[in-house]
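In the numbering used here, the protein residues as written are 48 to 508. Even glycine gets a Cβ: it sits at the ideal position worked out from N, Cα and C. Okay, structure first, notes after.
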Amino acid sequence: MTPATLVPVELLRKYDRPGPRYTSYPTVPVWSDRIGPDDYATALRAASQRTTEPLALYCHVPFCRRRCYYCGCNTVVTKDRSRAAGYVEILGREIDTVAAMLGDRRQVSLLHFGGGTPTYLTIEEFTKLLDYLRSHFAFQPNAELSIEVDPRVTTFEQIDFLAESGFNRISMGVQDFTPDVQQASGRVQPYEMVARLIEHCRTRRFKGINIDLIYGLPKQTVETFTETLDKALQLRPDRVAVYSFAYLPNAMPHQMRIHQEDLPATEVKYRIFATAVEKFTGAGYRQIGMDHFALPEDELSVAQSDGRLNRNFMGYTVQQAPEMIGFGMSAIGYVNNAFFQSYSKLDSYENAIADKGMAIYRGIQLSADDLIRQYVITNLMCNFRLPFADLEAKFNVRFPDYFGPVETRMEGFIADELLTVHADRLEITPRGRTFVRNIAMTFDAYLAAEPGKAPTFSRTI
C-alpha cells in the first residue's frame, strides 16, 4: 500500500457512525406500507412496454438447517424438507403472475439466488424452479447467473449441477477461519472444507468465485483475523466482501447468543478493518466500494475503471439491467422507478401469493429529486467519482445549482483528504474509499430532513 491509501485509525474513529449501505436509495426505513400489489401490477405493465431492455431477476430461498448467531438475513430455520418443496410451487405461481404482466419483455441479463441457503433445495427442486424461470424468461448468452452457497451443506454434486445449469458466479459465506470465532458465532466450517469446495468450483470453470468475511465477530482479534486474511489470500478468490458485523440483539433476538463481552473493542475493530484493507490492496486486489475487493482482471475492477459499475440489493454488478424483479419471501424489486418488497414472514408471503399471485407489502415510488440523488449516490458508491456533465446530461441540472457550493457541503472530507473537487467532477481519493458511505450520506435528503431520528442502520466502519 502507498501512504495515500492507508486508513488512519483516527479517521476510522471520526467517521464511524450508523448509516445506510445504500443498496437502495431511498433506503428501506422510509418505504411505505401504502404501496401494495396494485401498485406493483401497474409498474409491471408500464415496464412491459420497454421490450428491448433486459431484466435482472432475484430469487430468495429463505431456508437454513441452523441459524448462525450473527445472521441479519430473512431466514426460515427448519429441518422439515417438505416446506421447501411447497415453497418452490408457490414461487412458480408468483413467476407465472409476474411474467404475464411483463408481456413480451422477457430478456434477462442477471439472475441471482440468495437466502437463506439456496442449496437447501434438492437438485430436483432446483431443477423445477429453473424450469419455471426458463419457461417464462429468455436468458442472454452472456447473462450472469450467480448464487450464494453455504460450504457446510453444499455438495460437489450440487456444484456440478449449478455449472451444468449455466451458473457462472458463486459466493461462499466464510466469515472467519478461526475455530474459536466460528464456535462463538454459531458457524463451524474448517478451512479445508472451504478450500476443497473452491477448488472444485475452479474445475467446473466458474468465472467468478467470491468469499464473504465479517469483522467484529465475537473472539476476533487483530492477530486472529490477520490469519483469516492470510488464509483467504491463499485461496485467491476473484472477489472478497468484508462486512462489518452489526450487533443488534434487540432487533434480532437470536444474536443474544453472542456475549457482548466477547465482541472486539471498538478500537480493535478499527484495526481489524484497516488490516483487511491493507492486506487485500497490498496483494493486488482493487477496492470496490468500501468493503469489496476484486482482482484487477475481474469484471468488477474493469467496469469500475470504465465507470460502468452498478450496485443493487444483489451487490456490485457489471450488468446494465435497469429494472430488477424480486421473487420469493422478503424479495425486493425495482420496477418503473419504484421499489417493492414482499412479505418477510413465510406464512404471510405464501398466503398472499395463493390469493393474488403477488405479496407486495411495502415500497416507495421515487420522486424526481429521489432519482437525482439516487444517481449521485450510486456513482459515488460504485465508481468513486461523479462527472458533473453526466449528471446534467441525464437530468438537466447543474450540480452546484442543485446541491449548493461543493466546498461548503464537503469541507470535512476535503480537509481529511477523502475527496477532491475538480471543475468537472467529484473524485473520492483512494483513502476516501473506506468512507464512501459517509460521503454518500451528505446527499441523502431523508437523513437531512430528520436529523434526530435514528433508524436502525449498521455502523459505517
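- Any idea what DSSP makes of proline 447, helix, strand or coil? helix
- Item | Unbroken alpha helix (DSSP H) run spanning cysteine 248, endpoints | 238-250
- Around the Cβ of proline 67, are there at least 16 other Cβ atoms within 10 angstroms (buried) or fewer (exposed)? buried
- Message: Taking the straight line between their C-alpha atoms, what separation do you get for isoleucine 475 and glycine 410?
- Response: 31 Å
- Task: Select from Arg472, Met299 and Ile400 the residue whose C-alpha is nearest the C-alpha of valine 145.
- Result: Ile400
- So who's on the other strand from glutamine 412, going by DSSP bridges? Ala385
- Task: Check asparagine 485 in the structure and name its three-state DSSP category.
- Result: helix
- With 16 other Cβ atoms within 10 Å as the buried cut-off, status of glutamate 195: buried
- Message: Quick check on this structure: which residue in Ile508, Thr98 and Arg472 has the alpha carbon closest to the alpha carbon of tyrosine 294?
- Response: Ile508
- Query: What three-state label does DSSP hand glycine 354 in the structure shown?
  - Reply: coil
- Message: What ranges does the beta strand (DSSP E) occupy inside the stretch 137-165, keeping only unbroken runs of at least 3 residues that lie completely in it?
- Response: 154-162
- Task: Put glutamate 274 into one of helix, strand or coil per three-state DSSP.
- Result: helix
- Query: Exposed or buried, threonine 218, counting other C-beta atoms within 10 Å across all chains shown (16 or more means buried)?
  - Reply: Rather than threonine, the amino acid found at residue 218 in this sequence is serine. Buried is the call here.
- Below 7 Å between beta carbons: does that hold for aspartate 471 and phenylalanine 435? yes
- Message: Are the CB atoms of histidine 159 and alanine 361 within a distance shorter than 7 Å?
- Response: Reading the sequence as shown, one finds methionine at residue 361 and not alanine. Yes. Within cutoff.
- Item | Span of the beta strand (DSSP E), counted from its first residue to its last, around arginine 432 | 432-434
- 8 Å CB neighbourhood of alanine 378 in its chain, flanking five on each side removed: Tyr105, Cys106, His107, Gln388 and Ser389
- Whole-angstrom Cβ separation of glutamine 351 and cysteine 429, contact assumed at under 8 Å? 7 Å
- Can you check DSSP and say which residues form a bridge with histidine 339? Ala288 and Ile335
- Query: In terms of alpha-carbon separation, which member of Ile461, Phe460 and Ala415 lies closest to phenylalanine 442?
  - Reply: Ala415
- Should the stretch 178-193 be regarded as contacting the stretch 224-242, the criterion being three or more beta carbon pairs within less than 8 Å? no
- Task: Go to glutamine 205, then tell me how far its alpha helix (DSSP H) extends in each direction, as first and last residue.
- Result: 203-211
- Query: Whole-angstrom Cβ separation of phenylalanine 340 and leucine 59, contact assumed at under 8 Å?
  - Reply: Going by Cβ atoms, the distance from phenylalanine 340 to leucine 59 rounds to 17 Å, so no, they are not a contact pair.
- Which residues in the same chain as phenylalanine 203 place their Cβ atom closer than 6 Å to its Cβ, once the five residues preceding and following it in sequence are excluded? His247
- Neighbour-count burial assignment, proline 50, 16 or more Cβ in a 10 Å radius: With a pLDDT of 42 at proline 50, under the threshold of 50, the predicted position of this residue should be treated as unreliable, though the coordinate-derived value follows. So proline 50 counts as exposed.
- Task: Quick one: give me the first and last residue of the beta strand (DSSP E) that proline 188 is part of.
- Result: 185-196
- Task: State whether the stretch 130-142 contacts the stretch 75-87, with contact taken as three or more CB pairs (one from each stretch) at a distance under 8 Å.
- Result: no
- Task: Whole angstroms is fine: what's the gap from threonine 481's alpha carbon to threonine 425's?
- Result: 15 Å
- Item | Where the beta strand (DSSP E) containing glutamine 222 begins and where it ends | 216-222
- Item | Contact under 7 Å by Cβ, alanine 496 with tyrosine 69 | no
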